[in-house]
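Step one of this worksheet: look at the structure below.
Residue numbers (the working numbering): 98 to 175.
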């Protein structure tokens, strides 16, 4: 997953994978969902992000993990 904020265009993009976008739908004004050929959600864009969310240039991530395997998922100190 990638999160990209374009400060000049004021667009926040969240990419769930690298699949090519086949179709985009503006579900709400300024919120665009991107889908691949199979209709799976591959990303979303928030237009005028600084007006829609607080501080779009900062991000806090939290992970909910039920089956943790140390060899597969290293934790980073905060």
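Heads up, the beta-carbon is just placed ideally off N, CA and C, and yes, glycines get one too.
Bear in mind that the values here come from a model prediction, so they are computed numbers and not experimental data.
**OP:** Buried or exposed for residue 128, please, with buried defined as at least 16 other CB atoms from any protein chain shown within 10 angstroms of its CB.
**Re:** exposed
**OP:** Going by CA-CA distance only, name the one from 126, 146 and 117 that's closest to residue 135.
**Re:** 117
Original post:
Is residue 150 near residue 108, with beta carbons less than 8 Å apart?
Top reply: no
Original post:
If you run the structure through DSSP and keep just helix, strand and coil, what is residue 116?
Top reply: coil
Subject >> Start-to-end residues for the beta strand (DSSP E) that takes in residue 102 >> reply: 99-103
Original post:
With which residues is residue 150 paired in a DSSP beta bridge?
Top reply: In DSSP, residue 150 forms no bridge with anything.
Subject >> Alpha carbon of residue 133 to alpha carbon of residue 139, nearest angstrom >> reply: So the alpha carbons of these two residues sit roughly 6 Å apart.
Original post:
In whole angstroms, what separates the C-alpha of residue 148 from that of residue 157?
Top reply: 19 Å
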